[in-house]
Amino acid sequence: MLELHFTWYHGSLSRSEAESLLTLCKECSYLVRNSQTNRSDYSLSLRSCQGFMHMKFTQCKDGKYVLGQNSPPFDTIPEVIHFYTTHKLPIRGAEHLSLLFPVLVQTL
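Structural data, given as structure tokens:
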């Protein structure tokens, strides 16, 4: 389970709520949320020039995480996020994008 201190982790945010948050953001803005299809999985929501992209983090049998089919494996989701802040995403349609602008959780 992701720890709450990651400012880009939004917890149980729906896909449409993620898109609402990303609407006013610039390209390469991103957030991580719980997957709607399986609450123990996580999804990356990303703003691209064409709109929004939603990608699921896949946990392999060895416990490592990948993003898309061509991602190297990582021990944790924060490691995946950190890697793709300086590398292009291995996702068709997002090959030119990196994770540059985290959408921060608004705390009251």
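Residue 102 in UniProt numbering sits at position 102 of the sequence shown, and the numbers go up by one each step. All C-beta atoms, glycine included, are put in the ideal place defined by N, C-alpha and C.
_Please return the same chain residues whose Cβ sits closer than 8 Å to the Cβ of glutamate 27, not counting the five positions on each side in sequence._
Walking along the sequence shown from the start, residue 27 turns up at place 27. Once the five neighbours on either side are set aside, the close Cβ partners of glutamate 27 are Arg47, Ser48, Cys49 and Leu97.
*Assuming asparagine 34 and glycine 11 form a contact by the criterion Cβ under 8 Å, report the distance between their Cβ atoms to the nearest whole angstrom.*
Walking along the sequence shown from the start, residue 34 turns up at place 34. Walking along the sequence shown from the start, residue 11 turns up at place 11. That pair is a contact at about 6 Å.
*According to DSSP, is threonine 85 helix, strand or coil?*
As a first step, residue 85 is located in the sequence shown; it is residue number 85 there, counting from the start. Here threonine 85 sits in coil by DSSP.
_Taking a contact to mean a Cβ-Cβ separation below 8 Å, would you say serine 16 touches leucine 22 in this structure?_
Translated into the one-based positions of the sequence shown, residue 16 becomes position 16. Translated into the one-based positions of the sequence shown, residue 22 becomes position 22. Going by C-beta atoms, serine 16 is not nearer than 8 Å to leucine 22.
*Proximity winner among Ser43, Arg92, Gln69 and Asn70, relative to residue 123 (alpha-carbon distances)*: Absent from the model: residue 123. The displayed extent of the chain is 1 to 108, so no value can be given.
*Does the Cβ of leucine 100 have 16 or more other Cβ atoms within 10 Å, making it buried, or fewer, making it exposed?*
Position 100 of the sequence shown, counted from the first residue, corresponds to residue 100. Leucine 100 should be labelled exposed.
*Nearest-angstrom Cα separation, counted from phenylalanine 83 out to valine 103*: On the sequence shown, residue 103 is found 103 positions in, with the first residue counted as 1. On the sequence shown, residue 83 is found 83 positions in, with the first residue counted as 1. Looking at the two C-alpha atoms, the distance is approximately 17 Å.
*Do phenylalanine 52 and glutamate 95 have their C-beta atoms within less than 8 Å of each other?*
Locating residue 52 in the sequence shown gives position 52, where the first residue counts as 1. Locating residue 95 in the sequence shown gives position 95, where the first residue counts as 1. Glutamate 95 is positioned such that its CB atom lies no closer than 8 Å to that of phenylalanine 52.
*Mind checking serine 71: buried by the 16 CB within 10 Å criterion, or exposed?*
Start at 1 with the first residue of the sequence shown, and residue 71 comes out as number 71. Serine 71 should be labelled buried.
_Terminal residues of the alpha helix (DSSP H) in which threonine 23 lies_ = Within the sequence shown, numbered from 1, the residue matching residue 23 stands at position 23. Going by DSSP, threonine 23 is part of the alpha helix (DSSP H) stretching over 15-23.
*Which residues in the same chain have their Cβ closer than 7 Å to the Cβ of phenylalanine 74, if we skip the five residues on either side of it in sequence?*
Along the sequence shown, read from residue 1 onward, the residue named residue 74 stands at position 74. Answer for phenylalanine 74: Lys64, Tyr65, Val80 and Phe83, listed in chain order.
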